[in-house]
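Peer 1: Just add 32 to the spot in the sequence shown (first one is 1) and you have the working numbering.
Pasting a structure below so you can have a look.
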Amino acid sequence: MTDTFAADDGWFANVDAEDTAAAATAIREGRTDEPRDWPTLALEAGSVDDEDGYYDALHEASTAATRAAVTEREAADDRQLVHAVRAMDDCARTANELAERLAEWAGTVDPDAGTGIDYARELVARDQTSEHPPQPLVSLAERVVGLADEAEALREYVERQMPTVAPNLAALAGPVLGARLISLAGGLEDLAKKPSGTVQVLGAEDALFAHLRGHAPSPKHGIIYTHDAVGQTHPDERGSAARALAGKLAIAARVDHYSGEKKPDLEAELAERIETIQARTDDVGGGSDDEPEGDDE
C-alpha cells in the first residue's frame, strides 16, 4: 500500500480473491504511513463480502507472504553456508562419538585395535575374509568413515563458497571460522549489525550468561579463540587480541553485507595491530588486559 491509493484502496485493491500469490505480493510490497479502516474499505471496494471475509483473506495473504519471505531467505547464499557449516560440525561430532564407541568395542575383540577416525579407516580397509573383527564392527567403522568423509566434503564446500559470499570475512577469519560466525549470528546481515563486543564472545554464550548471573568472570573470547591472532597470543594479552580481531571482523561483516567490496587494508591493519599486541610480552611489565581499546579496533 502506498500513500497514492484512493480512499477505497488497500492491499486488496485489484487483487483476485482466489489469487493468493498476488495478494501475498501486495502485502509484501505495499506500505502506508498511517492506519485506516481497512475492513470497511475492503467492503466498499467489493473485495470481500463481510468483515470476517476480510480477515480470512488477510490471514491467507499474510501467511503466503511470510512463507515466500522465509523461502527467499533460506535460499540466500549466506543461509546455505549456515546449513553447510552446521551439517559439517554435526557430521564431524557424530563421527568422533561413534569412533570412540568403535574403539571401545574393538578393544574387546581386536588385539590391534586403535582409536579415532584413522582406526576406522584401517578397519574398513582390512581383508574382510577373516572372521575377526566381526561384521557389525566393520559396518560401524564404515559409518564412521562415511560421516568423516561427508564432513570433509562439506568443509571443502564452505571453503569454496565463503570467499564469494563474504570475501573480507573469509580473508580475515578464514572460510570455516567466518562461516561459523555467520551461523552463530543467524546470517550475514545479523552478523553485520552486531557490535564488535558481541562478535568477540560469539560461541561463549554459556560463559557470558554465567558471568551476567555473577557466577563467573567475563569471557574474553568465543570461537574466535581458534584464530591464530588470539590462540597464539600470550594469555596475558589474549583479551586485547580478541578485541582487536573482533573489531576488524565486525567491520569486515558490514562491508561484505552492505557493499561486498574487497578491502585488503583490513588484513594489513589487523596484522599490524596483532603484532603490536604480541610484542608487549617481550617488554618488561607488558600491557594489561584491561587496557581500553576502541569498539572497532
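For each residue, glycine too, the CB sits at the ideal point set by N, CA and C.
#1: Could you check where the alpha helix (DSSP H) with Ser228 kicks off and where it finishes?
#2: Rounded C-beta distance between Glu184 and Val208? I'm assuming under 8 Å.
#3: I'd like the list of long-range same chain contacts for Asp35, defined as Cβ closer than 7 Å, with 5 residues on each side in sequence excluded.
#4: Identify whether Asp40 lies in helix, strand or coil by the three-state DSSP scheme.
#5: Put Arg158 into one of helix, strand or coil per three-state DSSP.
#6: Three or more C-beta pairs under 8 Å: does that hold for the segment 86-95 against the segment 135-152?
#7: Look at the alpha carbon of Thr52 and the alpha carbon of Arg212, and state the distance between them as a whole number of angstroms.
#8: Quick one: does the C-beta of Asp109 sit closer than 7 Å to a heavy atom of the ligand SAH?
#9: With a threshold of 8 Å, are at least 3 pairs of Cβ atoms found where one atom belongs to the segment 303-311 and the other to the segment 254-265?
#10: Keeping to the same chain, check which residues put their C-beta closer than 7 Å to that of Tyr189; ignore five residues upstream and five downstream.
#11: For Gly210, name the three-state secondary structure that DSSP assigns.
#12: Taking buried to mean at least 16 other C-beta atoms within 10 Å of its own C-beta, is Arg245 buried or exposed?
#13: Which residue spans inside the segment 60-89 form an unbroken alpha helix (DSSP H) run of at least 4?
#14: In the DSSP assignment, find the unbroken alpha helix (DSSP H) run with Thr196 in it and report its ends.
#15: From Gln112 to Ala58, what distance separates their C-alpha atoms?
#16: Using the Cβ count rule (16 or more neighbours within 10 Å means buried), how would you classify Asn46?
#17: Among Arg60, Tyr290, Ala54, Ala303, which residue has its Cα nearest to the Cα of Ala278?
#18: Ignore the nearest five residues each way along the sequence and tell me which others in Ala97's own chain have a CB closer than 6 Å to its CB.
#19: Flag Leu90 as yes if its beta-carbon sits less than 8 Å from any beta-carbon of chain B, otherwise no.
#20: Let me know if Gly326 comes out buried or exposed under the rule of 16 or more other beta-carbons within 10 Å of its beta-carbon.
#21: Measure the alpha-carbon distance for Trp43 versus Glu83 and round it to whole angstroms.
#22: Where does Arg245 sit, in a helix, a strand or coil, going by DSSP?
#23: Classify Val102 as buried or exposed, calling it buried when 16 or more other Cβ atoms lie within 10 Å of its own Cβ.
#24: Assign Pro168 to one of two classes, buried (16 or more other C-beta atoms within 10 Å of its C-beta) or exposed (fewer than that).
#25: Which runs of the beta strand (DSSP E) spanning at least 3 residues fall entirely within the segment 114-139, listed in chain order?
#26: Drop a sphere of 10 angstroms on the beta-carbon of His259, count the other beta-carbons inside from all chains shown, and report buried for 16 or more, exposed for fewer.
#27: Can you confirm whether the segment 220-234 touches the segment 283-290 when touching is taken to mean that 3 or more C-beta pairs between the two stretches lie within less than 8 Å?
#28: Tell me the rounded alpha-carbon separation between Gly254 and Gly235.
Peer 2: Taking the coordinates as given:
#1: Judged by DSSP secondary structure, Ser228 falls within the alpha helix (DSSP H) whose first and last residues are 228-232.
#2: With 8 Å as the limit, Glu184 and Val208 do not qualify as a contact, their Cβ atoms being about 12 Å apart.
#3: Unreliable placement is indicated for Asp35, whose pLDDT of 42 sits below 50; the coordinate value is still reported in the next sentence. Closer than 7 Å at the Cβ level, and outside the excluded window around Asp35, lie Thr64, Asp65.
#4: Note on Asp40: pLDDT 46, under 50, position unreliable in the model; the coordinate value appears next. In the structure shown, Asp40 adopts coil according to DSSP, grouped into three states.
#5: In the three-state reduction of the DSSP assignment, Arg158 falls in the coil class.
#6: The segment 86-95 vs the segment 135-152: no contact.
#7: Computed Cα separation, rounded: 37 Å.
#8: Ligands displayed in this structure: none; no statement on the ligand SAH is therefore possible.
#9: In short, these stretches touch, since the Cβ pair count reaches three.
#10: If we look at Tyr189 and ignore the five residues flanking it on each side, its Cβ neighbours are Ala116.
#11: Three-state DSSP puts Gly210 in a helix.
#12: Arg245 comes out exposed.
#13: Whole alpha helix (DSSP H) segments, 4+ residues: 70-77.
#14: 167-197 is the span of the alpha helix (DSSP H), which, as asked, contains Thr196.
#15: Approximately 28 Å between the Cα atoms of the pair.
#16: Its Cβ having fewer than 16 others within 10 Å, Asn46 is exposed.
#17: Nearest option by C-alpha distance: Ala303.
#18: Contacts found: Ala56, Ile59, Arg60.
#19: The structure shown contains no chain B; it is built from a single protein chain.
#20: A caution first: Gly326 carries a pLDDT of 41, below 50, which makes its placement in the model too unreliable to give a value.
#21: Our two residues, Trp43 and Glu83, have alpha carbons roughly 15 Å apart in a direct line.
#22: Coil.
#23: Per the 10 Å Cβ criterion, exposed.
#24: Counting Cβ neighbours within 10 Å, Pro168 comes out exposed, since fewer than 16 surround it.
#25: If we require 3 residues or more, the segment 114-139 turns out to have no beta strand (DSSP E) run fully inside it.
#26: So His259 counts as buried.
#27: Yes: at least three Cβ pairs fall under 8 Å.
#28: Gly254 and Gly235: Cα-Cα distance of roughly 5 Å.
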